[in-house]
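Have a look at the structure below, then the notes.
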Amino acid sequence: MTAPAPHILCIGSVLWDLIGRCDDAMQHGADKPGRITRLPGGVAMNIAITMVRFGFTPALLTAIGRDAEGDELMAACAAMGMITDHVYRDHGLPTDRYMAVEGANGLIAAIADAHSLEAAGGRILAPLTDGSLGTAQAPYRGLVALDGNLTVALLEDIAADPAFAAADLRVAPASPGKAERLRPLLSHPGATLYVNLEEAGLLHGTAFDTAAEAARALSDHGARRVLVTDGSRAAAKACGGQVLTAAPPPVRAARITGAGDTFMAAHISAETAQADPQTALDRAVQAAAAYVSGKDPT
């Protein structure tokens, strides 16, 4: 049976999120009561989840282990309406995991174990060259969401790979610690970068005070299009010398992990619906704020 055509490819981390959440503010060394949940996560997965909510059918290009956790994760992805036919699975690679602790004052600490995705390397991209989704001679021309959990070497290859030459490439770092991995994609002619203020500073090598300042600097530095978020403060978009800003509504934080991925997915959805640039940015900040408050971002 032929798989349906995807609306977007989500490339990167698909794993299990283990999130501990406390309703009180937490400091280093705190021991508090709260809730611990396990749910499908990872940057590529979080984007795919939100795209599904907006009516899109995403296809996943990732690595998931052939273990019990991997089988359960594959079933969860399929149940949400995602295309899993192109997922790379290896008996020797366990399913990746992410662990975070969140308090009322935000993310306290997190550890991402994406070693299997890194070990799989370019094998997750085979469908883009073997004819399943495209070839070097007839590259994939649709939307691609790419996350920074891939290795530096693989991201460098993608930046020069003909298989990505015609794609509408939307790029996000997995975390500030991996933001600098995206430098090879800064000047990609089809790339739009989605970063937070800290990640923007790491990419540029400069600390910025506002999202607008960071977006303009990255645009001047060679980025074709860049969007910068700054938590509860105004987000910004820079493209072709123009900088737009949008402030999110004030909300009480019920969750943090996945907010940036929701912002990115909502912006892609708005642009696909032909929203003008300011409206698309407004919808993205509103969706991210709704997500943080615990509501449906759509």
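Residue numbers for the sequence shown follow UniProt numbering, so the first one is 1 and each next one is one higher.
For every residue, glycine included, the Cβ atom is placed at its ideal position computed from N, Cα and C.
- The stretch 254 to 264 and the stretch 45 to 61 touch, with three or more beta-carbon pairs separated by less than 8 Å.
- Scanning G142, K178 and R181 for the CA closest to the CA of F164 turns up G142.
- In the DSSP assignment, P40 forms a beta bridge with W16.
- By the CB criterion at 8 Å, F208 and L197 fall inside the cutoff.
- The C-alpha of G92 lies about 28 Å from the C-alpha of A159.
- Apart from sequence neighbours up to five positions away, the residues of its chain that approach A288 with a beta-carbon distance below 6 Å are A259, T262 and F263, ordered along the chain.
- Unbroken alpha helix (DSSP H) runs of no fewer than 4 residues, entirely contained in the stretch 89 to 147, are found at 115 to 120, following chain order.
- Going by DSSP, L203 is part of the alpha helix (DSSP H) stretching over L197 to H204.
- With contact defined as three or more Cβ pairs closer than 8 Å, the stretch 20 to 34 and the stretch 51 to 61 are not in contact.
- The C-alpha of R283 is placed about 14 Å away from the C-alpha of V292.
- Assigned with DSSP and collapsed to three states, C10 falls in strand.
- Contact between the stretch 89 to 103 and the stretch 64 to 78 is present, with at least three C-beta pairs closer than 8 Å.
- In chain order, A159, V171 and A191 place their CB closer than 6 Å to the CB of L185, counting only its own chain and leaving out the 5 sequence neighbours on each side.
- Around A265, the same chain offers I47, T50 and M51 as residues with beta carbons nearer than 6 Å, after the five sequence neighbours per side are excluded.
- Taking the Cα of L9 as reference, the smallest distance to any Cα among G134, A100 and L18 is reached at G134.
- The three-state reading of DSSP puts R233 in strand, counting E and B together.
- Beta-bridge partners of R170 (DSSP): A145 and T192.
- In the three-state scheme derived from DSSP, where H, G and I count as helix and E and B as strand, I64 is classed as coil.
- Segment contact: the stretch 143 to 159 against the stretch 113 to 131, three or more CB-CB distances shorter than 8 Å; contact assigned.
- Judged by DSSP in its simplified three-state form, Q242 adopts strand.
- In this chain, the alpha helix (DSSP H) harbouring L281 covers P277 to V292.
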